[in-house]
Ligand SMILES: [Zn+2]
Ligand SMILES: [Zn+2]
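Residue numbers (the working numbering), protein chains in the order written: chain A, 1 to 455; chain B, 1 to 455.
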């Protein structure tokens with residue numbers, strides 16, 4: 001249930017500052033014990049889970065499959081991937097504190113672990129754990145694991161400069177000739193996601209092969225860059241070129257959005273990688289008739305790896321959305337979908353309000369169980385809503401004012417008349433005006449169903 | 001898409017061994033680089049996500065709200081909680097590798113972090129970050145974070161003896177007189193979950209106050225134990241007493257299930273705690289009229305903390321379910337819900353099979369997009385299914401044999417006749433006999449809708 005304390009909403013100056021709104025809406029907090037690692041309160045976790053759930057649903061049709069991979073890996077893995085040397089300052093080291101490991105011959109460097117700053121090495125292990133034929137490629141893994149990077153503490157702040165964060169991380173293992181199709185699909189995915197959140201005005205930037213110290217053949221680079229250019233051209237959007245600005249292991253496409261102050265923020269990245277598959281000795285089986293067949297490695301070919309994230313950091317994306325919506329969350333992802341205000345505190349009104357909240361929320365009659373009967377579990381296809389209740393002794397107009405400040409999508413009022421009529425009064429002066437006629441009809445239909453079926 | 005290689009299914013001897021089944025069904029794997037930390041392949045991740053999604057839905061009606069908390073905390077937090085001393089051997093220590101932290105005055109013990117073995121200290125920080133009135137209690141947090149415990153490596157195996165695992169962890173902060181209601185609700189939740197997974201034959205064990213060295217008043221212990229006993233009596237199930245076997249900080253209830261070999265496994269635990277709230281100085285506001293009001297601490301009272309998990313370790317619960325179902329997953333959580341087999345490899349049949357797979361899976365027409373039109377995102381209320389495709393050159397009977405071995409819930413066949421009739425042939429000799437008439441009707445209805453709406 002909602003906190004009953006009236007708090008001061010963010011002032012006009014910072015009402016679009018995600019930190020002020022995040023605090024006011026109880027989205028997240030921080031602690032001296034975990035610098036750079038925000039703690040998400042229930043409301044913030046609700047929004048993050050909706051973002052993850054949204055992507056998870058899309059993954060089905062984009063051919064990504066989610067995996068769940070370790071948080072720490074032995075130092076020897078990070079030596080293979082190159083992170084132990086090249087990424088040294090940004091990594092945390094992990095060690096067992098007891099003597100338990102040493103007794104098993106695990107002494108020495110292998111008792112030292114790295115806390116993962118990215119998922120790619122783990123996904124390479126997964127790819128390598130199974131046999132792959134050229135017919136099964138591309139293989140696409142997605143992962144929402146928490147990641148840790150030891151950023152300088154002076155730069156830590158809120159949700160945008162952090163040491164622990166989550167990515168909607170994805171890795172595609174594909175054949176060289178599949179690059180264009182995968183890039184086109186990734187760019188289409190980006191477009192769909194940005195449209196969904198009203199962030200259409202992003203820009204695309206292509207970074208190409210550095211002059212020297214690159215790895216991989218010139219032929220593969222040229223083919224890869226040509227495929228990226230073609231996929232970019234096909235989007236119909238303008239894009240810019242950062243010539244020579246790619247990583248030594250592959251070209252990349254950055255997707256950047258502009259905030260209200262005009263500053264660009266990096267969101268999605270699509271990064272080609274010809275390095276990690278070699279370092280991990282990844283391979284797939286290929287027949288002599290296929291174009292990538294190489295007589296020097298008969299039957300085997302090395303996949304191209306594409307790192308890609310759409311949201312990028314979920315924490316940073318959340319910060320952008322808080323400002324984008326100024327705290328007025330779309331109904332589907334809102335942590336405050338509805339609230340019921342009681343006109344008074346009489347027992348009949350309070351009890352009826354509680355029952356109404358449970359009905360609208362979609363709960364089965366949980367309260368009535370006496371221990372002898374076991375309630376039926378809710379199914380994931382049952383639609384449920386977050387419904388708060390304000391039965392405090394404050395005046396209705398105070399409650400109403402607070403509910404509007406807290407930006408509840410729907411406000412219901414329950415009084416004696418509603419108990420008599422077995423109904424609920426819907427606030428039509430609140431957030432409802434922003435709904436279309438069809439949405440209001442749907443809501444009325446929904447309420448009617450709930451009151452009919454679950455009485 | 002499914003791997004096309006025919007593999008040998010587990011022999012009759014170990015067909016109920018979760019490790020053999022887990023490997024055969026591509027659920028998880030392991031790596032030398034992450035001892036005790038299994039890597040979940042897409043199929044295993046699918047099942048784990050279904051388990052989490054199931055609980056998440058129930059949480060709404062049990063008043064739990066999910067939170068997202070850090071993975072590492074400074075050593076000083078673990079000193080407050082007592083873990084740094086009492087849990088020393090089982091914890092991992094984390095340190096930054098670069099010099100970044102030191103320049104900021106963060107040298108010394110506070111540059112040392114503990115990798116969390118449990119969520120309770122983080123949840124205490126969350127509770128403490130906000131003001132709470134007695135009216136708002138109980139506050140219930142849920143968390144699915146990965147946890148790390150430095151188990152002796154000799155004891156590591158599969159999913160049951162691990163160093164990294166996930167719990168359906170929950171912490172309830174309540175008033176002393178609310179214990180009984182919370183325990184009753186937790187026991188009801190356990191009953192509902194165990195019923196859902198066919199694990200009804202569990203036993204309940206109450207462990208009570210040790211003779212000496214306990215903390216908290218005798219009065220609070222007696223009241224708490226009486227409330228636990230009453231809640232246990234109200235379940236109508238027999239329960240046993242482990243007198244004096246409780247922790248020094250509170251009594252607990254264990255829920256243990258018996259496997260086919262007769263061995264008991266610990267699943268759910270409900271543990272009372274009078275220690276952590278004191279160590280963290282947690283409090284809530286209480287008025288003079290309330291029974292727990294103490295004139296020595298005017299206006300303030302200390303909440304009771306209840307740790308509780310229903311599944312316990314998700315990894316161990318998964319192992320139990322693999323054996324419980326012998327790999328025949330219920331449709332709703334199955335990683336292999338359906339497969340379409342082609343009768344031959346002609347272009348028309350393969351293309352029609354692909355289209356049919358997308359239809360049954362519930363995808364919008366993604367393949368048809370040319371970059372100019374952006375596909376609509378799927379909504380989380382769209383029902384989607386995992387549909388594999390076997391268009392390999394093997395004979396239909398070989399494909400069929402393999403699909404049955406892999407325990408697909410539904411097997412569809414597509415040939416020339418189906419292309420002509422714009423239909424799909426449902427295998428009625430496969431897994432369907434286990435479905436009720438109503439389920440078969442629902443399936444037919446579903447297929448009809450998909451073919452009508454999305455043609
Ligand atoms: Zn990566
Ligand atoms: Zn706990």
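Quick reminder that beta carbons are idealized off the backbone N, C-alpha and C, glycines included.
Check: Do residue 112 (chain A) and residue 93 (chain A) have their C-beta atoms within less than 8 Å of each other?
Finding: To locate residue 112 (chain A), count along the first chain from 1; it is residue 112. To locate residue 93 (chain A), count along the first chain from 1; it is residue 93. The answer is yes: Cβ separation under 8 Å.
Item checked: Bridge partner(s) assigned by DSSP for residue 457 (chain B) -> For chain B, the structure presents residues 1 to 455; residue 457 (chain B) sits outside this window and is missing.
Notebook entry, point to check: For residue 37 (chain A) and chain B, any beta-carbon pair shorter than 8 Å?
Noted result: Within the first chain, residue 37 (chain A) is the residue found at index 37, counting from 1. At least one chain B Cβ lies under 8 Å of residue 37 (chain A).
Checklist line | Span of the alpha helix (DSSP H) around residue 74 (chain B) | finding: Within the second chain, the letter at position 74 stands for residue 74 (chain B). For residue 74 (chain B), no alpha helix (DSSP H) encloses it; the enclosing beta strand (DSSP E) starts and ends at 72 to 74.
Check: Measuring from the CB of residue 171 (chain A), is there a heavy atom of ligand 1 at a distance below 7 Å?
Finding: Indexing the first chain from 1 puts residue 171 (chain A) at position 171. At least one heavy atom of ligand 1 is nearer than 7 Å to the Cβ of residue 171 (chain A), so yes.
Check: Using a Cβ-Cβ cut-off of 6 Å (strictly less than) and excluding sequence neighbours within five positions of residue 17 (chain A), which residues of its own chain qualify?
Finding: On the first chain, position 17 is the one that residue 17 (chain A) refers to. Nothing listed; no residue qualifies.
Note to self: Using a Cβ-Cβ cutoff of less than 8 Å, which residues in the same chain neighbour residue 281 (chain A) once the five nearest sequence positions on both sides are dropped?
What the structure shows: Mapped onto the first chain, residue 281 (chain A) falls at position 281. Closer than 8 Å at the Cβ level, and outside the excluded window around residue 281 (chain A), lie 128.
Notebook entry, point to check: If you scan the segment 383 to 428 of chain A from start to end, which runs of the beta strand (DSSP E) of 3 or more residues do you find wholly inside it?
Noted result: Taken in chain order, the complete beta strand (DSSP E) segments of 3 residues or longer contained in the segment 383 to 428 of chain A are 387 to 390, 410 to 414.
Note to self: Just to confirm the assignment, what range does the beta strand (DSSP E) spanning residue 142 (chain B) have?
What the structure shows: Locating residue 142 (chain B) in the second chain gives position 142, where the first residue counts as 1. It spans 139 to 143 - the beta strand (DSSP E) in which residue 142 (chain B) sits, taken as one unbroken run.
Item checked: Whole-angstrom distance between residue 148 (chain B) and residue 301 (chain B), CA atom to CA atom -> Within the second chain, the letter at position 301 stands for residue 301 (chain B). Within the second chain, the letter at position 148 stands for residue 148 (chain B). Rounded to the nearest angstrom, the two C-alpha atoms are 33 Å apart.
Item checked: Beta bridge counterpart(s) of residue 146 (chain B) as assigned by DSSP -> As a working note, residue 146 (chain B) is residue 146 in the second chain. DSSP lists B:166 as partners of residue 146 (chain B).
Check: Can you tell me whether DSSP reads residue 58 (chain B) as helix, strand or coil?
Finding: Your numbering for residue 58 (chain B) matches position 58 in the second chain. In the structure shown, residue 58 (chain B) sits in a helix (DSSP, three-state: H, G or I).
Checklist line | Boundaries (first-last residue) of the beta strand (DSSP E) holding residue 357 (chain A) | finding: Within the first chain, the letter at position 357 stands for residue 357 (chain A). In the DSSP assignment, residue 357 (chain A) falls outside any beta strand (DSSP E) and within the unbroken alpha helix (DSSP H) covering 347 to 361.
Check: Taking just the CA atoms, how far does residue 181 (chain B) sit from residue 353 (chain A)?
Finding: In the first chain, residue 353 (chain A) corresponds to position 353, counting from 1. In the second chain, residue 181 (chain B) corresponds to position 181, counting from 1. When rounded, the distance between both Cα atoms is 21 Å.
Notebook entry, point to check: Going by the beta-carbon positions, is the gap between residue 408 (chain A) and residue 338 (chain A) smaller than 8 Å?
Noted result: Along the first chain, read from residue 1 onward, the residue named residue 408 (chain A) stands at position 408. Along the first chain, read from residue 1 onward, the residue named residue 338 (chain A) stands at position 338. In this structure, residue 338 (chain A) lies closer than 8 Å to residue 408 (chain A) by Cβ.
Checklist line | chain E residues whose Cβ lies nearer than 7 Å to that of residue 201 (chain A) | finding: The structure shown contains no chain E; its protein chains are A and B.
Checklist line | residue 166 (chain B) CB to nearest heavy atom of ligand 2 below 7 Å | finding: Position 166 of the second chain, counted from the start, is the residue given in the question as residue 166 (chain B). Result no, Cβ not under 7 Å from ligand 2.
Notebook entry, point to check: Between the segment 36 to 49 of chain A and the segment 327 to 337 of chain A, are three or more C-beta pairs nearer than 8 Å?
Noted result: yes
Notebook entry, point to check: Around the C-beta of residue 395 (chain B), are 16 or more other C-beta atoms found within 10 angstroms, so that it is buried, or is it exposed?
Noted result: Here residue 395 (chain B) corresponds to residue number 395 of the second chain, with the count starting at 1. Flag for residue 395 (chain B) reads exposed.
Margin query: Let me check you understand the geometry: is the CB of residue 46 (chain B) closer than 7 Å to at least one non-hydrogen atom of ligand 3?
Written below: Ligands present in the displayed structure are limited to ligand 1 and ligand 2, and ligand 3 is not among them.
Check: Where does the unbroken alpha helix (DSSP H) through residue 308 (chain A) begin, and where does it stop?
Finding: In the first chain, the residue the question calls residue 308 (chain A) occupies position 308. Counting along the chain, residue 308 (chain A) falls outside any alpha helix (DSSP H), though it belongs to the beta strand (DSSP E) covering 304 to 313.
Next item on the list: Give the DSSP-derived three-state secondary structure of residue 213 (chain A) in the structure shown.
Entry: On the first chain, position 213 is the one that residue 213 (chain A) refers to. Residue 213 (chain A): coil per DSSP, three-state reduction.
Check: What is the DSSP secondary structure of residue 180 (chain B), reduced to helix, strand or coil?
Finding: By 1-based counting over the second chain, the position of residue 180 (chain B) is 180. Reduced to three states, the DSSP call for residue 180 (chain B) is helix.
Check: What are the partner residues of residue 271 (chain B), as DSSP defines its beta bridges?
Finding: Here residue 271 (chain B) refers to the residue found at position 271 when the second chain is read from its first residue. B:252, B:307.
Check: residue 235 (chain A) by DSSP, collapsed to three states: which one?
Finding: As a position in the first chain, residue 235 (chain A) is number 235, starting the count at 1. Coil.
Note to self: Measuring CB atoms only, is the segment 347 to 361 of chain B touching the segment 309 to 321 of chain B, in the sense that at least three cross pairs come out at less than 8 Å?
What the structure shows: no
Item checked: Exposure label - residue 170 (chain A); buried when at least 16 CB within 10 Å -> The sequence position of residue 170 (chain A) within the first chain is 170, counting from 1. By the neighbour-count rule (16 or more Cβ atoms within 10 Å), residue 170 (chain A) is buried.
Margin query: Cβ closer than 8 Å: which chain A residues qualify as neighbours of residue 148 (chain B)?
Written below: If you number the second chain from 1, residue 148 (chain B) lands on position 148. Chain A residues near residue 148 (chain B): 71, 72.
Next item on the list: Taking only the alpha-carbon atoms, compute the straight-line gap between residue 403 (chain A) and residue 26 (chain A) and give it to the nearest angstrom.
Entry: Counting from 1 along the first chain, the entry for residue 403 (chain A) is found at position 403. Counting from 1 along the first chain, the entry for residue 26 (chain A) is found at position 26. Using only the alpha carbons, I get a separation of about 14 Å.
Notebook entry, point to check: Can you name, in chain order, every residue of its own chain whose Cβ lies under 7 Å from the Cβ of residue 19 (chain A), other than the five neighbours on each side?
Noted result: For the purposes of this step, residue 19 (chain A) is identified with residue 19 of the first chain, where counting begins at 1. So the qualifying residues of the chain are 158.
Item checked: Close-in-space but distant-in-sequence residues of the same chain around residue 264 (chain A) (CB under 6 Å, 5 per side omitted) -> Residue 264 (chain A) sits at position 264 when you count from the first residue of the first chain. So the list reads 256, 258, once near-sequence residues are dropped.
Next item on the list: Quick one: list the residues of chain B neighbouring residue 42 (chain A), beta-carbon separation under 7 Å, in chain order.
Entry: Mapped onto the first chain, residue 42 (chain A) falls at position 42. Residues of chain B passing the Cβ test: 65, 66, 67.
Next item on the list: Classify residue 261 (chain A) as helix, strand or coil using the three-state DSSP reduction.
Entry: By one-based count along the first chain, residue 261 (chain A) stands at place 261. The answer is coil: DSSP assigns residue 261 (chain A) none of H, G, I, E or B.
Check: Does residue 49 (chain B) come within less than 8 Å of chain A when only Cβ atoms are used?
Finding: For this step, residue 49 (chain B) is matched to residue 49 along the second chain. With 8 Å as the cut-off, residue 49 (chain B) counts as an interface residue toward chain A.
Next item on the list: For chain A, find out if any of its Cβ atoms is closer than 8 Å to the Cβ of residue 287 (chain B); answer yes or no.
Entry: Start at 1 with the first residue of the second chain, and residue 287 (chain B) comes out as number 287. Taking Cβ atoms only, chain A never reaches closer than 8 Å to residue 287 (chain B), which makes this a no.
Notebook entry, point to check: At which residues does the beta strand (DSSP E) containing residue 341 (chain A) begin and terminate?
Noted result: In the first chain, the residue the question calls residue 341 (chain A) occupies position 341. First-last of the beta strand (DSSP E) with residue 341 (chain A): 338 to 342.
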